[in-house]
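Numbering (numbering that gives the first Met the number 0), first residue to last: 0 to 195. Beta carbons: idealized from backbone N, C-alpha and C, even for Gly. For reference, the structure discussed in these notes is given below.
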Amino acid sequence: MNHSIPWHEVRPLPDRGVRLAVVGDPVAHSLSPRMHTAALAALAMHGEYLAIHVPEGEFDDAVAHLIACGFRGVNVTLPHKAAAADIGTPDDEVVGEIHVANCLSFGDEVRARNTDVPGFLAPLDGVPVGEALILGAGGAAAASAYALLHSGWSVALWSRTAERARGLADLLRQFGDTEAREAPSPEGCSLVVNAT
């Protein structure tokens, strides 16, 4: 059974080893704790990986609290990817260019990184470049579009909130052929990405 812990209930536990987490709202459904706990065990590393519930508007306080509790870093999911880019020093060009981060590492400073872009591109190796329709206009949509545009694709964006799709399209046009669509029609597209 999956579950999450409210961020304000997390306590310092020095005997837990490396402390890591995925933070978001919602986050209880995430499989990340199972996968990363297995990875820690496979590497014979003493540590824990938790799912921590962080409501929108509480991200900065939650990150400060997790740092104080000895966490080394967090994976970030919705709705906090833009907030993660705000709070961290960019560790890669993606964070600086599209203002979306999905990983924070804690050390002398908070570092922000986006691993969505290379993770998205890997399975597309060998797929002919064309036009892609991306459903959504949040952090995952921005990272997917950025990855595709840098690989030569044209991108059409659609969101239930048309204004968000137009805003994201405006940001992404500097990287390539991007349009916002009024309807989620895949006409002319060889790839559809569900980033909702």
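Taking every protein chain shown into account, the CB of Val126 has fewer than 16 other CB atoms within 10 angstroms, so this residue is exposed. Asp115 sits close to Ala139, with the two beta carbons spaced by under 8 Å. Rounded to the nearest whole angstrom, the CA to CA distance from Glu108 to Ala161 is 37 Å. The stretch 120-135 makes contact with the stretch 156-172; the number of CB pairs closer than 8 Å reaches 3 or more. Burial state of Ala182 is exposed, judged by a 10 Å Cβ sphere holding fewer than 16 other Cβ atoms. Inter-segment contact for the stretch 29-46 and the stretch 90-98 is absent: fewer than three beta-carbon pairs are separated by less than 8 Å.
Annotation: Glu178 to Ala81 spans about 21 Å, alpha carbon to alpha carbon. The shortest C-alpha to C-alpha distance from Phe119 to any of Asn101, Gly106, Phe105 and Phe70 is the one to Asn101. For a cut-off of 8 Å, the C-beta gap from Val9 to Val73 is around 11 Å, too long to register as a contact.
Comparing C-alpha distances from Ala121 to each of Gly106, Ser143 and Ser104 shows the shortest one belongs to Ser143. In this chain, Ala100 is not harboured by any alpha helix (DSSP H), its DSSP state being neither H nor E. Look at Leu148 here: in three-state DSSP terms it is helix. Between the C-alpha atoms of Leu171 and Pro117 there is a straight-line separation of about 17 Å. For Leu167, the enclosing alpha helix (DSSP H) has its first and last residue at Ala161 to Leu171. Non-local beta-carbon contacts of Leu148 in its own chain, meaning distances under 8 Å to residues more than five positions away in sequence, involve Val154, Leu171, Phe174, Gly175, Asp176 and Thr177 in chain order. Straight-line spacing of the CA atoms in Leu49 and Asp59 works out to 18 Å. Judged by DSSP secondary structure, His35 falls within the alpha helix (DSSP H) whose first and last residues are Ser31 to Ala41. Rounded to whole angstroms, Ala27 and Ala136 show a C-alpha spacing of 23 Å. Within its own chain, the residues whose Cβ lies closer than 7 Å to the Cβ of Gly187, once the five positions on either side in sequence are excluded, are Glu130, listed in chain order. A straight-line Cα-Cα distance of about 29 Å links Leu19 and Leu123.
Taking a contact as a CB-CB distance under 8 Å, the pair His79 and Val99 does not count as one, their CB atoms being some 10 Å apart.
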